[in-house]
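The block underneath contains the structure these notes are about, expressed in structure tokens.
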Amino acid sequence: MTRETDCPSGGSGALGQFWGNVLTTRVLLQKAKIHCPPTLALLLPPGQMRLEEGRTGGVEVVHLEMGAEEGMNSVRNKVDTFLESENMRGSERVVLRCSGGRFVGEATSPPVYLSRNSRDEVWAKVSYLLPQLLPGEAVLLEAYCSPLKPGPRVEDRTWEQYTDCRPQVPDLSFRLCAIVTRSPLDLPLLYKLVCRVGVSDDPLSHSHSLSQSLETTLLECGFTDPTMAKSLCRLALDTALSCLCVVMETESNMSAEQRGGAGAQTDMIGVDLLFTMDGSIIRPVILGLHPSLCLHSSFQERGMGMEGCDSGIEGWSRGTLLLTPLTRSQYYLMQGKTVLVVGAGGHSKKFIWKTAKQYKLKILLVDSDPAHFASQLVDHFLPLPDLPDHRRDDQHCSRICDWLLSSSLRPDGCVCFWDECVVLTSLVCDRLGLRGPPPEAIRIAKEKSRTHRHLLGLLKSTGTNLISVEQPSGQPDSLVEFGEDERRGRQQNGMKYLHIY
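Using numbering that gives the first Met the number 0, read the sequence shown as starting at 0 and increasing by one per residue.
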């Protein structure tokens with residue numbers, strides 16, 4: 000995603016391991032009242048988060064004591080109790096997978112689907128996996144959440160279509176992939192939302208399903224009511240954004256070592272979710288935070304550009320997906336730089352000094368008011384009472400440069416936020432060899448009369464014919480104005496004219 004860019008992502012290996020752990024993610028989401036599949040976690044402690052034994056919402060964590068026969072009997076009782084629990088009443092199947100340690104990210108173990116009534120088979124699979132666990136890894140036994148069933152359809156086929164031998168379209172089910180990014184202001188933003196659609200008889204997977212928009216999917220599934228479709232879209236959006244809020248809040252309470260670096264943070268998550276029916280209520284259920292899978296699901300179609308990164312992914316990724324890394328890169332590049340500011344401006348520019356602190360800039364300020372409030376917010380301040388007299392900009396430039404030299408200050412750049420100071424700023428930049436437009440160009444651009452005369456000189460030098468050149472006062476310039484008869488005559492000869500106002 001960040002190929003050929005100079006903006007490193009904020010993630011780290013430690014955060015990737017942390018959020019790639021399905022068990023850790025579900026416990027934290029359950030604490031935030033976000034629905035996850037009912038889960039029994041058989042954990043071999045200690046883990047990365049050192050999860051305590053007990054129940055959090057629909058997730059129960061059981062610590063293992065390997066090697067003791069009585070411990071295995073206790074685990075067998077836990078498994079049987081989970082299969083008979085109220086949370087499993089509506090599920091005919093259970094899902095078995097491993098989590099944590101070696102089973103994070105791309106190495107996530109594929110889920111195994113088993114019948115809930117086949118207790119011996121379930122225990123055989125569980126007991127086979129338990130001896131293979133390393134500290135921090137867990138075996139997860141979770142309820143299979145059936146995706147939302149298609150709604151009723153209106154039959155409108157003609158007699159010819161009834162007699163047609165085409166196969167009947169099977170019932171479809173879908174799951175959603177939402178890509179959520181962190182804005183520079185630490186606000187969650189939805190980057191993209193797609194559906195993975197497949198036959199409802201089989202469990203949906205990212206690799207064996209088709210991608211399309213949520214609106215199209217809802218229509219194909221019979222949810223034709225616009226209000227219903229809008230409510231489901233809003234439900235998916237709010238749930239996905241809430242997941243990133245949980246991530247940001249959790250990371251704000253982590254140490255730099257736990258995050259994997261002082262500036263490490265999660266800039267993007269992939270929310271894998273589906274809709275289920277709970278009685279007469281449609282609920283979103285989070286299956287996990289899988290950024291890689293969700294990105295592949297969003298861009299794997301031809302034309303979306305995942306292979307080769309030619310058209311699609313380049314266009315998408317250069318947008319909001321990299322907004323936060325780009326902003327953080329700007330902060331990093333500006334950190335510790337010294338900036339000379341000519342003219343402090345009024346209270347409307349007060350936000351500038353707060354932003355300068357965020358960028359960790361060293362500010363040198365020049366202003367005419369010795370008691371200006373900004374003088375207390377900068378590193379060095381030079382009061383220049385006659386600064387508003389711009390007829391003496393050359394003298395002001397010399398005084399500013401002498402002040403910098405005598406104070407051993409070497410600015411990396413010079414800027415201004417006040418229109419009246421642009422010429423003086425350009426003179427300072429030119430004198431100190433700093434980047435900026437030349438003073439003569441600034442003088443031409445600042446005064447309209449000079450701008451007009453300069454443009455007229457450029458047009459005359461190219462041989463362009465001018466008519467009706469209007470000065471700032473509204474009076475035509477007779478030196479370049481053609482008469483009406485002459486204008487008509489020249490137009491008949493095929494000559495083109497340029498009007499300047």
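Virtual Cβ for every residue (Gly too), placed ideally from N, Cα, C. Because the structure is a prediction, the values reported are computed rather than measured.
Local Cβ density within 10 Å of residue i, reported as buried at 16 or more and exposed below that
i	result
S406	exposed
V78	buried
M87	buried
F372	exposed
H289	buried
K459	exposed
F102	buried
E136	buried
I441	buried
D392	buried
V196	buried
L209	exposed
T180	buried
V284	buried
L404	exposed
S316	Confidence is the limiting factor: at S316 the pLDDT is only 46, short of 50, which leaves the residue's position unreliable and the question unanswerable from this model.
S425	buried
L39	buried
Pairwise C-alpha distance: residue j and residue i
i	j	result
A239	L189	8 angstroms
V276	S90	Per the sequence shown, residue 276 should be read as Met rather than Val. Taking the straight line joining both Cα atoms gives about 12 angstroms.
V198	K148	11 angstroms
L132	L43	7 angstroms
N20	R96	12 angstroms
W18	A228	31 angstroms
L140	C220	30 angstroms
A370	P438	30 angstroms
H295	S204	12 angstroms
Q329	G287	32 angstroms
D509	R233	Residue coverage of the chain in this structure runs from 0 to 500, which leaves residue 509 outside it and unanswerable.
K349	D224	50 angstroms
E143	V93	For the sequence presented, residue 143 should be read as Tyr rather than Glu. Approximately 5 angstroms, taken between the alpha carbons.
P387	K353	25 angstroms
A355	G412	13 angstroms
M247	E51	22 angstroms
Y358	L218	48 angstroms
L186	T24	20 angstroms
V125	K191	37 angstroms
Q16	P134	14 angstroms
I178	L27	19 angstroms
G100	P324	28 angstroms
G345	I351	11 angstroms
Residue i (DSSP reduced to helix, strand or coil)
i	result
H453	helix
Y331	helix
P187	strand
P382	strand
I399	helix
T265	coil
Y358	coil
S448	helix
E136	coil
T223	coil
Y143	coil
F102	strand
A370	coil
C35	coil
S11	coil
S172	strand
L128	helix
F17	helix
H62	strand
Residues near residue i by beta carbon distance below 7 angstroms, same chain, minus five either side
i	result
Q29	C35, T55, G56, G57 and V58
R506	No statement about residue 506 is possible, as the shown extent of the chain runs from 0 to 500 and does not include it.
S11	R258, G259, G260 and A263
T326	P183
R118	D79 and L82
P115	With the sequence shown as reference, residue 115 is identified as Arg, and Pro is not the correct amino acid for it. The answer, listed in chain order, is L82, M87, S90, E91, R92 and V93.
Cβ shell of residue i (< 8 angstroms), same chain only, five flanking positions each side left out
i	result
L14	E250, R258, G259, A263, Q264 and T265
S84	P37
L383	V365, D366, S367, H395, R398 and I399
Residue i Cβ short of 7 angstroms to the ligand SAH heavy atom set
i	result
Y358	Ligands in the displayed structure: none, and consequently the ligand SAH is not present.
Neighbourhood of residue i by C-beta distance below 6 angstroms, restricted to the same chain and skipping five residues each side
i	result
L520	Outside the displayed range of the chain (0 to 500) lies residue 520, so it cannot be described from this structure.
H379	L363
Any C-beta of chain C under 8 angstroms from that of residue i
i	result
L186	Structure shown: chain C not included; a single protein chain is present.
Inspect the CB distances between the segment 212-226 and the segment 260-276 and report whether three or more fall short of 8 angstroms. no
Does the segment 373-386 touch the segment 451-459, meaning 3 or more C-beta pairs lie closer than 8 angstroms? With fewer than three CB-CB distances shorter than 8 angstroms, the segment 451-459 does not count as touching the segment 373-386.
Meets three-Cβ-pair contact criterion under 8 angstroms: the segment 406-418 and the segment 333-341: Taking a cut-off of 8 angstroms on C-beta distances, the segment 406-418 touches the segment 333-341, as three or more cross pairs fall below it.
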